[in-house]
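Trainee: Chains as they are written, first to last, in my numbering: chain C, 19 to 128; chain B, 794 to 905.
Heads up, the beta-carbon is just placed ideally off N, CA and C, and yes, glycines get one too.
Would you mind keeping the following structure in view while I ask a few things?
Following this line, the structure appears as structure tokens:
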């Protein structure tokens with residue numbers, strides 16, 4: 019079935035560094051969603067993108083909807099310890115299935 | 794506001810046993826879904842529902858049943874538990890698949 023592939027799988031960075039991750043699909047998506055999962059919790063929405071080429075920010079987070087509609091990118095600037103967690107991309111497949119990516123695990127060291 | 798409530802939080806089953814994972818939401822969302830989370834695999838869709846009385850299969854439906862008799866509740870049934878069903882299960886709800894999804898706290902299931 020359809021899968022969203024995220025890279026990198028995991029990242030180990032130092033506090034203050036910038037982070038970039040991406041999500042790719044073999045199919046076109048009309049919506050891209052980025053979620054963060056804290057340890058022991060369910061995912062929480064960070065940013066939603068609804069238009070190809072759209073660039074949206076939420077504090078230190080910036081996400082972009084790829085022009086081809088088959089990819090999306092998430093950047094985190096000046097990382098802090100509370101950025102630790104798993105980041106997921108997601109989108110509605112065939113209009114009625116919300117599917118998630120494989121996740122990028124972020125570890126931030128002081 | 795409770796949001797999405799999942800029970801139980803932890804469960805250990807023996808192979809062959811059956812059980813139901815409960816999920817309830819109080820936001821009047823039409824769309825509800827169940828996912829399982831395994832290391833390196835992300836969140837995989839098991840079953841979903843676009844409204845009361847309507848359910849459909851996701852990516853990994855085998856071994857699971859669902860029903861949606863009310864807008865609020867979307868239980869997930871394991872018919873005959875297998876060790877391969879050891880996982881963390883999440884229930885989610887939203888107005889639509891393209892809208893913000895709200896998740897429960899998860900159920901950590903171990904099948905021995």
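Answer with buried or exposed for residue 805 of chain B, where buried requires no fewer than 16 other C-beta atoms within 10 angstroms of its C-beta.
Mentor: Indexing the second chain from 1 puts residue 805 of chain B at position 12. Answer is exposed; the Cβ neighbour count stays below 16.
Trainee: Check the Cβ of residue 801 of chain B against every Cβ in chain C and list those closer than 7 Å, keeping chain order.
Mentor: For the purposes of this step, residue 801 of chain B is taken as residue 8 along the second chain, with counting starting at 1. The premise fails here: residue 801 of chain B is roughly 15 Å from chain C at the closest Cβ pair, so nothing lies under 7 Å.
Trainee: Cβ closer than 9 Å: which chain C residues qualify as neighbours of residue 826 of chain B?
Mentor: Counted from its first residue, the second chain places residue 826 of chain B at position 33. Correct list: 115 and 116.
Trainee: Output the boundary residues of the beta strand (DSSP E) element that contains residue 110 of chain C.
Mentor: Looking up residue 110 of chain C in the first chain gives position 92. Residues 103-111.
Trainee: Closer than 7 Å, Cβ to any Cβ of chain C: which residues of the stretch 842-860 of chain B, in chain order?
Mentor: 843, 851 and 852
Trainee: Let me check one thing: in DSSP terms, what residues is residue 929 of chain B bridge-paired to?
Mentor: Here chain B comprises residues numbered 794 to 905, so residue 929 of chain B is not present and cannot be evaluated.
Trainee: Between the C-alpha atoms of residue 66 of chain C and residue 96 of chain C, what's the straight-line distance to the nearest angstrom?
Mentor: The sequence position of residue 66 of chain C within the first chain is 48, counting from 1. The sequence position of residue 96 of chain C within the first chain is 78, counting from 1. Answer to the nearest angstrom: the Cα atoms are 21 Å apart.
Trainee: Give the residues of chain B in contact with residue 34 of chain C, contact being defined as C-beta atoms less than 8 Å apart.
Mentor: Here residue 34 of chain C is taken as the residue at index 16 of the first chain, counted from 1. Under the 8 Å cutoff, chain B gives no residues; its nearest Cβ is about 28 Å from residue 34 of chain C.
Trainee: Cα-Cα, which of C/52, C/38 and C/70 is closest to residue 64 of chain C?
Mentor: For the purposes of this step, residue 64 of chain C is taken as the residue at position 46 of the first chain. The candidate whose alpha carbon is nearest that of residue 64 of chain C is C/52.
Trainee: Helix or strand or just coil, what does DSSP make of residue 877 of chain B?
Mentor: Counting from one through the second chain, the residue named residue 877 of chain B turns up at place 84. If DSSP states are grouped into helix, strand and coil, residue 877 of chain B belongs with the helices.
Trainee: By alpha-carbon positions, which one of B/817, B/866, B/903 and B/899 ends up nearest to residue 62 of chain C?
Mentor: Within the first chain, numbered from 1, the residue matching residue 62 of chain C stands at position 44. Across the set B/817, B/866, B/903 and B/899, the C-alpha of B/899 shows the shortest separation from the C-alpha of residue 62 of chain C.
Trainee: Report the residues of the stretch 61-95 of chain C with a CB closer than 8 Å to any CB of chain A, ordered along the chain.
Mentor: The displayed structure is made up of protein chains C and B, and chain A is not among them.
Trainee: Which bits of chain B does residue 106 of chain C rub up against, with CB to CB less than 8 Å?
Mentor: Within the first chain, residue 106 of chain C is the residue found at index 88, counting from 1. Residues of chain B passing the Cβ test: 835 and 836.
Trainee: On the DSSP bridge assignment, give the partners of residue 30 of chain C in chain order.
Mentor: Counted from its first residue, the first chain places residue 30 of chain C at position 12. Answer is C/125.
Trainee: Kindly indicate which three-state DSSP category residue 887 of chain B falls into: helix, strand or coil?
Mentor: One-based indexing of the second chain puts residue 887 of chain B at position 94. It is a strand residue.
Trainee: Name, in chain order, the residues that DSSP records as bridge partners for residue 116 of chain C.
Mentor: By one-based count along the first chain, residue 116 of chain C stands at place 98. According to DSSP, residue 116 of chain C bridges with C/110.
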